[in-house]
Amino acid sequence: MVDSPKQFDFLVLGSGIAGLTFALKVAHTGSVAIITKKSRAESNTNYAQGGIAAVTSEEDSFESHVRDTLAAGGGLCNEEVVRGIIEEGPARIEELIQLGMKFSERESHGHRELDLGREGGHSKRRILHSKDVTGREIERALLAAIGAHKNITVLENHLAIDLITTAKPGQAQHNRCAGVYALNNQTGQIETFTAPGITLATGGCGKVYLYTSNPDIATGDGVAMAYRAGATIANMEFIQFHPTCLYHPEAKSFLISEAVRGEGGELLNLRGQRFMEGVHPLKSLAPRDVVARAIDREMKRSGDDHALLDITHKPARFLMDRFPNIYQTCLRYGIDITKEPIPVVPAAHYQCGGVRVSEHGETDLAGLYAIGEVACTGLHGANRLASNSLLEALVYAHRAAEHVLNHPPESTTGELHKWHSGSATNPDEMVVVAHNWDELRRLMWNYVGVVRTDKRLKRALTRIQNLQEEIQAYYWDFNVTSDLLELRNLATVAELIVRSALERRESRGLHYTMDHPEPVDSLAQQDTLIHRN
Ligand code: SIN
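Each number in my numbering comes from the position in the sequence shown (counting from 1) with 14 added on.
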């Protein structure tokens, strides 16, 4: 059943740092609906352990942060964007603190100052954090402010299905985004929401891989919807694998923060040998692409199914205080990190590409903004520097809000396309959907992982296309369910990752292929763009 459209001034899809910050910045001018597919706190942000990279200390400089970001980005960052975000960082951090965010502090020469952590690829300590639960504290502060705002409605358990666009066949040049269809998971009904301005803040797509540090919500919904609606998608081949996720049969998606290596944690193989010596001058604290590939190589060379991360040389009291979440969680799995090394494996962690946006977060589909992990701004290039993403989310939420307020999008007049559920009946073969979820994630892990080849990528593409045919048949034949909708989005994102990877005939940053193992100079600064014709 389809209800009549619900109208707002702004629609925000997603309730992480980007979406909530944007909502707070526009809500004084009109009504805002935040559409979120689970509970409001269930976002990628909520699971961020590390923190926010920003220049806040006198020993640091914008120049040094810019240099580190460009070095990690492997020649594909947009330097102007990098500089802009880094220089705007301190102002946005100050706003977050004013809102009630509590960063960890330490005692220094008789006064309190921010405790700055260090992570891979950073030449200075510059990570503002709240122990090892930074994302949870950010969500707490933002949601408290959201809850107090009368103009903001949070619609939980609503999964956005598709963006509503105005184009008629053959009129793509007048296309604009006018709303969204969403599945209300509590009633099973499809609801229609409209607004002149729609902001995607739906996070990334880690669940497209079998092993990921991301929570279940990270199914690439924003990229898939924007692609279907006609927006340009950029650089999807650059998927960041975090080198150290907990390896334990019962631990699902648990990250061992890079901050552990920042505090001196060292990578070892199962024979206790340090294998990062000679790989990179920063050894275990090298940028993530280097560390993840080194672990992958070491595991393949030795046949081991994981590596080890050892921080036992640090005092137990320090570890329990600095990493309470990691300490407690590992202890629950029988691992005392103060006494024994932590078993770790790489896992999909961050999508560096996404919906291509301007410096204000505008996509090339009128009326549609994209901010946070779903967007490709030019900051991360071919490899994101750790903890730069929460900073980018804050800066782009601010810029998109300013832009939309200064350039209010036109309201759409006329009839919008109605949702059609056809002659759908309830699916009785959920086993097919479950099987396809598993098959897709497994093939992405095996064929489109840390190390790639043309042959494996082509094989993956053929399989994905077969799966897409099956998913489409299901989509039209049955009532839609969250599992089916997420699978459809995952398959779209998988296709975009593989097509982008096949297009980049070189190795750069996170995209490493044995068939083209070196970077090609003429491809530096060249984004991989995909657009649905
Ligand atoms: C971490 O804590 O290692 C994650 C930080 C990040 O991905 O930026």
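The C-beta atom is built at its ideal place from N, Cα and C for all residues, glycine as well.
Within the same chain, Cβ atoms closer than 6 Å to the Cβ of Gly367 are found at Ala248, Asn249, Met250, Phe252, Cys390, the five residues on either side in sequence being excluded. Assigned with DSSP and collapsed to three states, Ser78 falls in helix. Residues of the same chain with a CB within less than 6 Å of the CB of Ala411, apart from the 5 flanking positions on each side, are Ala32, Thr35, Phe36, Ile385 in chain order. In the assembly as shown, Thr426 is a buried residue. Its beta-carbon has 16 or more other beta-carbons within 10 Å. Excluding its 5 nearest sequence neighbours in each direction, Asp452 has no C-beta neighbour in its own chain below 6 Å. Remark: the C-beta of Tyr364 is in contact range of the ligand SIN, defined as less than 7 Å to any heavy atom. Under the DSSP assignment, Ser57 falls outside any beta strand (DSSP E); it carries neither an H nor an E label.
What you get when you keep residues with a C-beta closer than 5 Å to any heavy atom of the ligand SIN is Gln63, Gly64, Ser271, Glu272, Ala400, Ser401. Within the DSSP secondary-structure output, Tyr383 pairs in a beta bridge with Thr213, Glu376. Here Phe255 is buried. Its C-beta has 16 or more other C-beta atoms within 10 Å.
Per DSSP, reduced to three states, the secondary structure at Ile270 is coil, with no helix or strand assignment. Annotated three-state conformation of Val371 is coil, per DSSP. By the neighbour-count criterion, in which 16 or more other beta carbons inside 10 Å mark a residue as buried, Thr476 falls on the exposed side. In the three-state DSSP reduction, Cys390 falls in the strand class (E or B).
Short of 7 Å from the beta carbon of Gly381, and not among the five residues preceding or following it, lie these beta carbons of its own chain, in chain order: Arg190, Cys191, Ala192, Pro210, Gly211, Ile212, Pro423. Residue nearest to Ile349 within the set Val147, Gly88, Arg455, Leu323 is Leu323 (criterion: CA-CA distance). Taking all protein chains shown into account, Asp491 has fewer than 16 neighbouring C-beta atoms within 10 Å of its C-beta and is therefore exposed. Residue burial annotation: Arg126 is exposed, with fewer than 16 other C-beta atoms found within 10 angstroms of its C-beta. Straight-line measurement puts the Cα of Glu170 at about 39 Å from the Cα of Arg307.
Looking at the DSSP output, Gln254 bridges to Tyr364.
Taking the Cα positions, Leu128 is about 7 Å away from Phe117. In the same chain as Ala67, and ignoring 5 residues on each side of it, the C-beta atoms closer than 6 Å to its own belong to Arg140, Ile141, Ser401, Asn402, Leu405, in chain order. Below 8 Å, too few C-beta pairs join the segment 519-534 and the segment 261-271 to call them touching: fewer than three. Counting only runs of at least 3 residues, the segment 135-213 fully encloses the following beta strand (DSSP E) elements, listed from N- to C-terminal order: 166-169, 172-179, 191-198, 204-208. Rounded to whole angstroms, the separation of the alpha carbons of Arg502 and Ile485 is 6 Å.
Per DSSP, Ser425 lies in no alpha helix (DSSP H) segment and is marked neither H nor E. If you draw a straight line from the Cα of His417 to the Cα of His374, it comes to about 6 Å. If you ignore the 5 residues before and after Met444, its C-beta comes within less than 6 Å of no other C-beta in its own chain. Bridge partners of Thr527 according to DSSP: Arg466. A buried status is given to Ala505, since no fewer than 16 other beta-carbon atoms sit within 10 Å of its beta-carbon.
Within 10 angstroms of the beta-carbon of Arg302 lie 16 or more other beta-carbons, which makes it buried.
In the DSSP assignment, Asp324 falls within the beta strand (DSSP E) that extends over 321-324.
Going by DSSP, His449 is part of the alpha helix (DSSP H) stretching over 444-461. Taking Lys469 as reference, the option from Met528, Val194, Cys91 with the minimal CA-CA separation is Met528. Out of Ala508, Asn480, Asn420, Leu282, the CA that lies nearest to the CA of Glu354 is found in Leu282.
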